[in-house]
Every structure is written in C-alpha cells, then in structure tokens.
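Chemist: I have a structure I would like to understand better, so I am pasting it below and will then ask my questions one at a time.
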Amino acid sequence: MKLEVQNVKVSLKSREILKDVTLKLENGEILAVLGPNGSGKSTLLRTIFGILKPMEGVVLYDGKSMDLDEIAKIAAYLPQEVPETKLRVIDVVLLGRTPHLSGIKKATRKDLYIALKALKAVNLENFAERVFNELSGGEKQKVMLARLFAQEPKIMLLDEPTAHLDLSAQIEIMRLVKSKVVEGSSAIVALHDINLAATFADKIVMLKNGVIHYEGRADEVLTPESIREIYGIDSIVKKIGKYVFVTPKVISSKNGKHVHVICGGGSGTAIIQSLVEAGYRVSAGVLNVLDSDWETAVDLGCEVICEAPFSEISEENHNKNLKLVEEANAVVLTNLNLGKGNLKNLFAAKRASELKKLVVIEKDPFKYRNFAGKVAEEVYESITKSSVVVKNEGDAIEAVRILVNG
Amino acid sequence: MKVLLLILLCIISMFLGVFLGPAGIIDFEDPVMRSLALDYRLPRTILAMLVGAALASSGCAMQAFFRNPLADPYILGVSSAASAGAAIAISIGFAATSNIILAAFVSSLLTSFAVYRLGKRGESYAILLAGIAVASFLSGLTAIVIYFSQESVHEILFWTMGSFSKASWQKVTIILFPFILGTFYLIINTWNLNAVLLGDEHAKSLGLDIEKFRRELIAVVSLLTSASVAVCGVIGFVGIIVPHTMRLIFGESHQKLLPAAIIFGMTIMPFVDLLSRISTSGEIPVGAMTAMIGAPFFIYVLRRGL
Chain A
83 MKLEVQNVKV
93 SLKSREILKD
103 VTLKLENGEI
113 LAVLGPNGSG
123 KSTLLRTIFG
133 ILKPMEGVVL
143 YDGKSMDLDE
153 IAKIAAYLPQ
163 EVPETKLRVI
173 DVVLLGRTPH
183 LSGIKKATRK
193 DLYIALKALK
203 AVNLENFAER
213 VFNELSGGEK
223 QKVMLARLFA
233 QEPKIMLLDE
243 PTAHLDLSAQ
253 IEIMRLVKSK
263 VVEGSSAIVA
273 LHDINLAATF
283 ADKIVMLKNG
293 VIHYEGRADE
303 VLTPESIREI
313 YGIDSIVKKI
323 GKYVFVTPKV
333 ISSKNGKHVH
343 VICGGGSGTA
353 IIQSLVEAGY
363 RVSAGVLNVL
373 DSDWETAVDL
383 GCEVICEAPF
393 SEISEENHNK
403 NLKLVEEANA
413 VVLTNLNLGK
423 GNLKNLFAAK
433 RASELKKLVV
443 IEKDPFKYRN
453 FAGKVAEEVY
463 ESITKSSVVV
473 KNEGDAIEAV
483 RILVNG
Chain B
212 MKVLLLILLC
222 IISMFLGVFL
232 GPAGIIDFED
242 PVMRSLALDY
252 RLPRTILAML
262 VGAALASSGC
272 AMQAFFRNPL
282 ADPYILGVSS
292 AASAGAAIAI
302 SIGFAATSNI
312 ILAAFVSSLL
322 TSFAVYRLGK
332 RGESYAILLA
342 GIAVASFLSG
352 LTAIVIYFSQ
362 ESVHEILFWT
372 MGSFSKASWQ
382 KVTIILFPFI
392 LGTFYLIINT
402 WNLNAVLLGD
412 EHAKSLGLDI
422 EKFRRELIAV
432 VSLLTSASVA
442 VCGVIGFVGI
452 IVPHTMRLIF
462 GESHQKLLPA
472 AIIFGMTIMP
482 FVDLLSRIST
492 SGEIPVGAMT
502 AMIGAPFFIY
512 VLRRGL
C-alpha cells in the first residue's frame with residue numbers, strides 16, 4: 083500500500099495548521115514526523131486518516147482518495163491520549179475490528195481469534211480479562227497497539243505512542259511497531275524523541291508551523307542546524323555508523339566570564355563540561371585534533387585552538403593560546419601529561435600564573451606525568467608556587483568562582 | 212447463570228406486582244379481585260417494568276455518552292420540562308388526562324433537543340451545563356404556574372414526585388412504541404456504545420461517524436425519558452443505580468451491561484412500586500421511595516468500592 087500526501091492545506095478554526103505538506107510512504111517504511119508542540123504533527127495524522135478534510139490538496143491511498151470509513155479498513159490511527167475506561171482488555175482490542183464489521187456489530191469467532199492474536203503479538207496474552215484502567219502506562223499503550231493490530235492495517239498512523247512511558251516501554255512499543263512493519267505494512271509515527279526517531283525510522287520529516295522543513299534519512303536530516311531551526315535549541319549530533327545520536331546542550335544563563343582550559347589527553351573533559359554547565363564561556367588549547375578533550379570542547383561549542391594530530395604545538399598556535407590566556411578571567415591547567423609536543427602549554431600556564439589567574443588541578447604528582455625533562459619540572463614548580471592548586475574538578479570550579487569574582 | 216437468575220427475579224417481581232397489594236393477595240375466583248388484578252395491577256406492573264427498563268437503558272446510554280457513571284437520563288432537562296408542560300396545560304384548561312400527558316411528552320422532547328442544540332457546539336459538558344440552565348428555568352416557570360393556580364397543585368406535583376398510581380392500559384400503549392424503538396436501537400448499538408467509552412478521537416479512529424451516533428443517542432434517550440416522564444412523572448435514581456449495580460456484576464462492556472440493566476430495571480421498578488403501595492396505609496410516591504431506598508444503597512455500593 084502506497085500513501086501519498088499532496089500539497090495538503092488544513093485549517094482549524096480559520097487558523098492554517100498545515101501549509102502545503104507533501105510526503106510519500108512506501109510499503110515497509112517507517113516515517114517519523116518530528117516537530118515541536120503545535121507544529122501540526124497530530125493534524126497531519128488526522129488529515130491522512132480522513133478525520134479532517136484538507137482545504138486544498140489530496141491524500142491518496144494507492145492513488146485513490148477515500149473517506150474515513152473506507153480508510154479505517156486499510157489504515158489504523160492511534161490518537162495521542164490514552165483512553166480511560168473500565169472495559170476489559172479484550173473488549174478494547176475487539177473494538178479494533180469495528181471497521182470490518184457490518185450491520186448489527188457483533189464480534190464473531192474470527193474477530194475474537196484476531197483480537198487474541200493481536201494481544202499475543204504485544205506479549206499480553208494473559209491480560210484479556212483484565213480491566214484496562216488497572217494496567218500500567220506501558221501495558222495500556224501495548225493494549226492500544228494490539229487494538230491497532232486487530233484492525234489489520236496496511237498503514238499505521240501513531241501519534242506520540244511513547245509519550246509518558248518509561249525507557250523500556252518506549253523501546254518495546256517502537257520494536258512492536260517495527261515488527262509489524264516488517265510483516266508487511268508501513269507506519270507514520272509522530273515523535274518527540276529525536277533519538278527514538280533516528281533509531282527506528284527509515285525516513286524523517288521535520289515539521290514546523292505546518293511546513294516540512296527537512297526530509298530524508300536520519301543521518302541526512304539530523305544536524306545541529308536543522309535541530310536549531312526546528313526546535314530552537316543547540317545540540318550535539320554524533321554519527322556512529324548508521325546511528326545518529328542527538329544530545330541537547332545544557333547551557334545555563336551565560337555569566338559572561340571567560341575561562342581558558344589548558345588540557346589534553348582527556349584530562350580536561352570533566353572540567354570543560356562543568357564549566358560550560360556553570361555558565362562560563364570556555365575556551366581550550368592547544369589541543370591536537372581528535373584528542374578526546376578536543377572532541378568534548380568542540381562538541382560543547384567551545385573556542386578551541388587546535389593542532390594537527392600528533393604534531394608539536396606551532397609557534398603560531400602557542401601565540402594564540404597566550405592571547406586567550408591573557409583575555410580569560412581565569413585559566414585552568416588540568417592534570418595533563420606533558421611531553422615535548424605540548425611543552426608550550428606549560429609556558430602558557432606560566433603566563434597565567436604570572437597574571438595571578440591560574441588554577442592547577444593536580445591529581446597525580448607531576449613527576450609521574452612529565453615526559454619533557456628537567457626544564458618542565460622546574461617550570462611546573464614555579465607555576466604552582468603562585469597559583470591555586472586543587473585536587474579535583476569540584477574544587478577547581480570553586481577556585482575559579484572565587485578567582486573570577488575577586 | 213447470573214443472567215438466568217436476573218430473569219427469574221424479574222418474573223417474580225412481576226408476579227408479586229400483580230398478586231400483592233393493599234387489598235391483599237388476589238383470588239382469581241372473585242370477579243372483583245380479578246378485575247382489580249387485570250385492569251389495575253397488571254397495567255400498573257407492566258408500566259413500571261417499561262419505565263424501569265427505559266430509565267435504566269437511557270441511564271446506561273447517557274453514562275457512556277458523557278463517559279461519567281453519574282450521568283442521569285434526566286440530564287437533558289426532561290424532568291422539569293414534563294412538569295412545566297403539564298402545569299401549563301392544566302393552567303390553560305387542557306385538563307383531560309391525555310392532553311396533559313401529550314403536553315408533558317412534547318415539552319420534554321422539545322426541551323431535550325433544545326438542550327442538545329444549546330450545548331452541542333462545545334464539549335460534552337456544555338450539554339450538561341445547558342441542561343442545568345434549562346431545567347432551572349423550567350422549574351422556575353413551574354413554580355410560578357403553581358403559585359397562580361393553587362387548586363391544581365396536587366396534579367402538577369404528580370410529575371415532580373413520580374407515581375404509577377394513575378397507571379392504565381392507555382398509558383402502557385403510550386409508552387410502548389417509544390420503549391420498543393428506543394431499547395431496540397440501544398441493543399443493536401452496544402458495540403458503538405463501547406467505542407464511545409474510549410473517547411471521541413478513539414471512536415473516530417475506528418472509522419465511526421461519532422457525531423451522528425451521538426445525535427441518535429440523544430434522540431433515543433429523549434424519546435425514552437420523555438415518554439417515561441409523561442406517563443409517571445420523575446423517578447430519580449433508577450437511571451443511575453440500576454446500570455451501576457449491573458456494571459459491578461457484569462462489567463463495563465455494553466454487550467452484557469445494557470441487556471442486564473434493562474432486565475434489572477424491569478425487576479426493580481415494579482418491586483419498589485409494590486413497596487410504595489403496601490408499606491403504609493396510603494401510598495408513598497414511588498419517586499420518593501426510589502430515593503429513600505436508592506440513596507443508601509448507592510452509598511453502600513460506592514463504599515464497597517468501584
């Protein structure tokens with residue numbers, strides 16, 4: 083079954099909710115619809131199901147335009163709100179047979195068989211006689227899914243089926259939908275969880291104010307730019323193989339103070355995150371590209387002075403580093419290993435200690451971390467004499483706070 | 212098993228209604244007693260059965276309609292409309308019994324449609340609010356009519372208190388057609404009543420024309436309750452208690468609940484009427500009796516937990 087939505091416009095109470103929406107769904111596909119509240123996700127699903135009539139444009143099932151009662155025989159729609167009823171589970175699931183009954187509606191033996199099979203498909207075969215209202219949130223939604231399956235749809239339309247569910251229930255619901263799609267149907271799922279969409283959907287459309295802004299595979303569509311445009315938030319997007327992960331950036335109100343972090347080899351990851359979360363503008367350097375501190379700093383949107391992988395710090399980058407040290411309200415020297423390649427970072431730290439704004443995190447004695455010889459040892463000693471030395475990141479944050487606020 | 216027991220109870224109740232009474236146990240050898248049983252007690256019992264079933268089934272339907280177990284068949288303003296209609300008919304001189312019944316019936320029907328039209332634009336509670344507003348307006352109207360026509364107070368009060376004391380075969384025929392039509396409609400639509408319980412959006416997701424079904428439901432309930440009120444006045448609580456009790460026994464699904472409520476309504480109404488006839492030397496209005504028995508029973512049921 084092929085679904086086409088062509089140039090659909092929908093208005094509710096003279097407000098235009100969908101403006102010229104076009105999309106296609108092929109058999110065997112899961113299409114996720116992402117978008118903020120009020121973007122028109124529910125309206126889109128209701129229009130596809132025939133509950134709402136578009137002002138312009140058409141919804142075509144295998145090329146045909148149909149009415150609600152006909153659509154209900156080939157498609158099934160799961161509204162967002164979970165019903166409240168004391169009906170037994172089996173009664174609820176049986177209602178899924180409604181579009182297939184005619185005349186005086188009554189469940190036949192076959193309908194009961196299909197309903198029980200649907201309950202089994204969602205792993206609730208022992209729940210038939212239970213009262214719907216007495217189930218947990220996850221169980222209720224699985225019963226609703228069984229109701230959907232009992233309708234034997236070619237196309238499933240699901241409106242935020244994972245809302246209000248715990249993590250395992252969310253995954254289970256999406257897996258069940260996926261397994262049904264694999265058996266030979268297709269699905270359109272409105273979701274709030276970008277990562278769930280990225281994991282389970284073959285295609286994603288991103289909707290905002292009734293317009294599709296992006297459309298395509300997760301790895302094509304999900305970028306920090308698209309997420310900023312649709313949701314208005316900054317995020318970190320990572321791609322591992324075919325998987326895409328999106329994490330929102332946790333940024334408290336910027337306090338306008340600048341902290342420069344001299345780090346490397348993973349020693350700066352924790353303090354950079356803490357400083358960003360505490361609202362500081364954080365810069366870091368000099369770091370080799372692909373160093374784990376470099377990844378963290380770049381992901382969190384910090385200004386980073388970077389050097390080519392496995393290369394010694396150049397004079398040019400060292401000067402940039404010194405400039406940031408001078409500009410910063412405070413500088414943190416992390417518990418980094420020092421070798422010939424990054425020795426210049428120690429001199430940058432020395433400059434900071436001379437300016438009385440250095441905090442040194444010393445977890446391990448320097449001699450265990452020093453691979454740059456006697457000179458480095460002497461410089462480090464002189465630095466520690468005129469700066470604040472702390473044992474861990476928590477103390478470092480406190481020291482920075484005191485330094486910055488005078 | 213439970214159904215058989217219910218039917219048995221219903222039959223017993225019917226027999227009691229015919230055989231017992233203030234005049235004692237019927238002796239069919241005696242022509243006077245026989246005439247009393249056939250011309251007076253039998254229509255009275257049948258009328259009580261039909262009204263009980265009509266109120267119970269429309270209570271069921273309204274509770275599904277509003278998805279609220281406290282919804283009542285009189286929610287559409289029918290109760291005050293009947294007495295207002297009757298009061299106006301009496302005060303302007305249409306005092307023949309059939310005229311009064313007709314006036315009560317027509318005014319009830321018109322009122323329930325008015326309430327539906329006033330409330331239908333909003334959510335379902337808008338109908339509730341419209342029902343309350345219209346009912347209080349009509350009660351006010353009735354009070355004014357009573358104030359100015361003191362002789363017919365008793366007759367007007369008949370509609371507000373509810374009684375089968377004026378039962379007759381004529382009244383049975385009046386309610387019979389609406390009763391058959393209404394309950395038949397509800398019985399063939401138990402599936403849709405279940406769908407309504409899931410909420411409108413879910414009912415639509417099953418491909419149902421839910422607005423049409425709701426309109427039909429209101430029409431049927433208006434017909435059933437208007438006919439009931441016109442023949443015997445307002446009898447409270449039956450429309451809530453009967454479905455409620457049956458829900459505890461048979462569950463929420465209307466495939467069993469609705470027939471059970473109809474049978475239990477048929478059982479309980481003649482029984483309560485019998486109590487109202489024989490418990491004192493006079494006759495307590497049956498509406499008062501249902502309230503006296505119904506309210507404590509209702510509280511018992513609620514406390515037992517639902």
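Line order of the protein sequences matches chains A and B.
If you want my numbering, it's the 1-based position in the first sequence plus 82.
If you want my numbering, it's the 1-based position in the second sequence plus 211.
Quick reminder that beta carbons are idealized off the backbone N, C-alpha and C, glycines included.
To be precise: take each residue of the region 403-430 of chain B, compare its Cβ to all Cβ atoms of chain A, and keep it if any distance is under 8 Å. Which residues remain?
Modeler: Asn-403, Asn-405, Ala-406, Leu-408, Leu-409, Gly-410, Glu-412, His-413, Lys-415, Ser-416, Leu-417, Gly-418, Leu-419 and Asp-420
Chemist: Give the residues from the region 262-273 of chain B that approach chain A closer than 7 Å (Cβ to any Cβ), ordered along the chain.
Modeler: none
Chemist: For the region 454-472 of chain B, which residues have a beta carbon sitting closer than 7 Å to at least one beta carbon of chain A?
Modeler: Gly-462, Glu-463 and Ser-464
Chemist: Counting Cβ pairs, one atom from each stretch, are 3 or more of them under 8 Å apart for the region 158-177 of chain A and the region 393-410 of chain B?
Modeler: yes
Chemist: Quick check: is the beta carbon of Ile-399 (chain B) nearer than 8 Å to any beta carbon in chain A?
Modeler: yes
Chemist: So Glu-163 (chain A) contacts chain B; which residues on that side make the cut at Cβ distance below 9 Å?
Modeler: Within chain B, the residues Gly-410, Glu-412 and His-413 have their CB atoms less than 9 Å from the CB of Glu-163 (chain A), given in chain order.
Chemist: Specify, as a first and last residue, the run of the beta strand (DSSP E) that Gly-139 (chain A) falls within.
Modeler: Counting along the chain, the beta strand (DSSP E) containing Gly-139 (chain A) begins and ends at 138-143.
Chemist: Is the beta carbon of Val-156 (chain A) sitting closer than 8 Å to the one on Lys-101 (chain A)?
Modeler: According to the sequence shown, residue 156 (chain A) is Ile rather than Val. Their beta carbons are not under 8 Å apart, which means Ile-156 (chain A) does not touch Lys-101 (chain A) by this criterion.
Chemist: Give the interface partners of Pro-391 (chain A) over in chain B, defined as CB-CB distance under 9 Å, in chain order.
Modeler: Correct list: empty, because the minimum Cβ distance to chain B is about 56 Å.
Chemist: For a cutoff of 8 Å on Cβ pairs, would you count Pro-181 (chain A) as touching chain B?
Modeler: yes
Chemist: Since Arg-170 (chain A) meets chain B, which of its residues come closer than 8 Å, beta carbon to beta carbon?
Modeler: Gly-462, Glu-463 and Ser-464
Chemist: Excluding sequence positions up to five away, which residues of its chain have a Cβ less than 8 Å from the Cβ of Lys-168 (chain A)?
Modeler: Val-213, Phe-214 and Asn-215
Chemist: At which residues does the alpha helix (DSSP H) containing Val-204 (chain A) begin and terminate?
Modeler: Under the DSSP assignment, Val-204 (chain A) falls outside any alpha helix (DSSP H); it carries neither an H nor an E label.
Chemist: Assess, as a yes-or-no matter, whether the region 423-431 of chain B is touched by the region 486-493 of chain B under the definition of 3 or more beta carbon pairs within less than 8 Å.
Modeler: Pairwise C-beta distances place the region 486-493 of chain B out of contact with the region 423-431 of chain B, as fewer than three of them are shorter than 8 Å.
Chemist: Could you tell me the alpha carbon to alpha carbon distance between Leu-419 (chain B) and Leu-150 (chain A), rounded to whole angstroms?
Modeler: 8 Å
Chemist: Measuring only the C-alpha atoms, how far is Arg-451 (chain A) from Ala-283 (chain A)?
Modeler: 47 Å
Chemist: Can you tell me the Cβ-Cβ gap for Ser-437 (chain B) and Phe-316 (chain B), rounded? I've got them flagged as a contact below 8 Å.
Modeler: 5 Å
Chemist: For Ile-452 (chain B), I'd like the list of residues in its chain whose CB is within less than 6 Å of its CB, leaving aside the five on either flank, ordered along the chain.
Modeler: Closer than 6 Å at Cβ, skipping near neighbours: Gly-505 and Phe-509.
Chemist: Do the region 119-129 of chain A and the region 91-99 of chain A touch if we need at least three Cβ pairs shorter than 8 Å?
Modeler: yes
Chemist: Do the region 400-409 of chain A and the region 380-387 of chain A make contact, defined as three or more Cβ pairs closer than 8 Å?
Modeler: Flag = yes, the region 400-409 of chain A and the region 380-387 of chain A touch.
Chemist: In terms of residue numbering, what span does the beta strand (DSSP E) encompassing Phe-327 (chain A) cover?
Modeler: 325-330
Chemist: Are the beta-carbon atoms of Ile-344 (chain A) and Leu-415 (chain A) separated by less than 8 Å?
Modeler: Contact: yes.
Chemist: Which value, in whole angstroms, describes the spacing of the CA atoms of Ile-367 (chain B) and Leu-219 (chain B)?
Modeler: 37 Å
Chemist: What's the C-alpha gap between Phe-231 (chain A) and Ser-184 (chain A)?
Modeler: 19 Å
Chemist: Say whether the region 245-260 of chain B touches the region 290-298 of chain B, bearing in mind that this needs 3 or more beta-carbon pairs closer than 8 Å, one atom from each stretch.
Modeler: In short, these stretches do not touch, since the Cβ pair count stays below three.
Chemist: Need the endpoints of the alpha helix (DSSP H) that Lys-146 (chain A) sits in, please.
Modeler: Where Lys-146 (chain A) is concerned, there is no enclosing alpha helix (DSSP H), given that its DSSP letter is neither H nor E.
Chemist: Using CA atoms only, rank isn't needed, just tell me which of A:Val-341, A:Ala-366 and A:Lys-187 is closest to Val-360 (chain A).
Modeler: Note on identity: in this sequence residue 360 (chain A) is Ala, with Val being the wrong assignment. Selected option, being the one with the closest Cα: A:Val-341.
Chemist: Between Leu-201 (chain A) and chain B, is there a C-beta pair that is closer than 8 Å?
Modeler: no
Chemist: List the residues that DSSP assigns as beta-bridge partners of Ala-157 (chain A).
Modeler: Under DSSP, Ala-157 (chain A) takes part in a beta bridge, and its partners are A:Ile-237.
Chemist: At what residues does the beta strand (DSSP E) containing Leu-94 (chain A) begin and finish?
Modeler: Note, Leu-94 (chain A): beta strand (DSSP E), 85-94.
Chemist: Just curious, the beta strand (DSSP E) that Met-288 (chain A) is in, first and last residue?
Modeler: Start and end: 285-290.
Chemist: Between which residues of its own chain and Ala-378 (chain B) is the CB-CB distance below 6 Å, once the five residues before and five after are set aside?
Modeler: Pro-254, Arg-255 and Leu-258
Chemist: Would you check if there are 3 or more beta carbon pairs closer than 8 Å linking the region 263-275 of chain A to the region 182-197 of chain A?
Modeler: Cβ pair count under 8 Å is below three, so no.
Chemist: For Tyr-159 (chain A), return the contacting residues in chain B, with the cut-off set at a CB-CB distance below 7 Å.
Modeler: Annotation: Cβ neighbours of Tyr-159 (chain A) in chain B (cutoff 7 Å, chain order): Ser-416.
Chemist: Using CA atoms only, rank isn't needed, just tell me which of B:Val-345, B:Ala-344, B:Phe-390 and B:Pro-481 is closest to Met-225 (chain B).
Modeler: B:Pro-481
Chemist: One question on the structure: do Ala-210 (chain A) and Leu-217 (chain A) come within less than 8 Å of each other, judged by their Cβ atoms?
Modeler: no
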